[in-house]
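Have a look at the structure below before the remarks.
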Amino acid sequence: MNSTITAVPGITAGHFTNLMDGTGCTVVIAEEGAIGGVDVRGGSPGTRETDLLRPLHRVDHVHAISLSGGSAFGLEAASGIMRHLAEKGVGLHVAGAIIPIVASAILFDLGMLNPSAFPSVEDGRAACMGASLDPLPQGTVGAGTGATVGKVLGIDRAVKSGIGSSCIQLPSGPKVAALVAVNAIGGIVDYQNAAILAGPRNPDTQDYHDSVNLLLDERLSELTPPLSNTTIGIVATDAKLTKDESNFIAQVSHDGLAMTIRPCHTIRDGDTMFTMATCLQPKATDLTTLCAAAVEATAQAVINAVKFATSLGGIPSIGEI
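The sequence shown lines up with residues 222 to 542 when you count with this note's numbering.
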């Protein structure tokens, strides 16, 4: 059973993974177009084509969204995705040209293994070549390759994270799925029981500190937490949505981040969530129901990002601690 974002009709997805350098990118494609939305929070975002997805701007449809490591350099991957889609005839047909609309967000993973490595134009194309309807691999792959969490005490005490996905099937027919690359400065908690799943490691006991409590301790005021942060993701659904509604779902999906990442949306994070609605359902679905599903799917995807992760660069995953 497919419980990842590719379970949504009209959606394919693929990864490019560079384990040697500790980076990668992920693409989610809607060749027939999807109603796009976006909400950017946190103090350090890195994005492309996000203004176009806002309600007051003309173009309603997006053909792909790129999630990438590599900090601002990783935005290059979206150009490879554009070229791949244009060669397939996917995009807006304007004055004889084909222009795929590809939005993108990046996370900072340059400190993982090779600070000079980042996903390139060709790597974005490679992610497209690997895109399919199959269940999307999770963990230390794609945009989650270099992701880490629990960095309040520095990267040496961090825990390996990755990219996670989850899908909810509503009784009335629509599917609502989330895909999240989790690279937060904060720790990860289970929103159902408040248990700390990942956080700054205590080397003496091999358990986790509470990131928020550490930040509230004034003795940490001289520490400079690493810049290698930001959580980025996508909510995809086959429900019928307007552009306004798609943007609203992107907004509320951040609740799923806040439920599981503590602290969330910090000045050192550039948290960004997109929405893609393929609108293949025959009738509209209650927006409140869709929002609730988006929040749940996002929260579950965050947890899956740390559960499926494997160690890299000497940083252990929760399954190896």
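All C-beta atoms in this analysis are idealised placements derived from N, C-alpha and C, irrespective of residue type, glycine included.
- Taking C-beta atoms as the reference points, S382 and A368 count as a pair closer than 8 Å.
- Taking V433 as the centre and dropping the five residues before and after it, the same chain places the C-beta of R483, P484 closer than 6 Å to its C-beta, in chain order.
- Between G375 and Y429, the C-beta spacing is not below 8 Å.
- DSSP places N239 within a strand segment (E or B) once states are collapsed to three.
- Residues A324 of the same chain have their beta carbon placed closer than 6 Å to that of E270, with the five preceding and five following residues left out of the count.
- A479 sits in a helix when the DSSP states are folded into three classes.
- With a beta-carbon spacing of about 6 Å, H475 and M494 fall inside the 8 Å limit used to define contacts.
- Taking S292 as the centre and dropping the five residues before and after it, the same chain places the C-beta of G267, I327, L328, F329, D330, L331, F339 closer than 8 Å to its C-beta, in chain order.
- For V323, the secondary structure class from DSSP, reduced to helix, strand or coil, is strand.
- The three-state secondary structure of K528, taken from DSSP, is helix.
- Beta-bridge pairing by DSSP links V370 to V380.
- Short of 6 Å from the beta carbon of G394, and not among the five residues preceding or following it, lie these beta carbons of its own chain, in chain order: Q502.
- In this chain, the alpha helix (DSSP H) harbouring E308 covers 298 to 308.
- For R304, the closest alpha carbon among the candidates V342, S337, L274, R275 is that of V342.
- With contacts defined as CB atoms closer than 8 Å, T361 and L508 fail to qualify as a contacting pair.
- I406 is not a Cβ neighbour of D492, given a cutoff of 8 Å.
- The Cβ-Cβ distance between S387 and A522 falls below 8 Å.
- In the three-state reduction of the DSSP assignment, M497 falls in the strand class.
- For S287, the enclosing beta strand (DSSP E) covers residues 282 to 289.
- For E253, the uninterrupted beta strand (DSSP E) run begins and ends at 244 to 261, by DSSP.
- Its Cα nearest to that of G351, the residue G235 stands out among I319, G245, G235.
- Taking 8 Å as the cut-off, the Cβ atoms of G258 and N468 count as close.
- In the three-state reduction of the DSSP assignment, V433 falls in the helix class, which pools H, G and I.
- Residue nearest to K396 within the set L511, D242, N525 is L511 (criterion: CA-CA distance).
- Comparing C-alpha distances from T227 to each of P336, P358, T238, G363 shows the shortest one belongs to P358.
- For the options T487, A316, A299, I320, the alpha carbon positioned closest to that of K309 is the one of I320.
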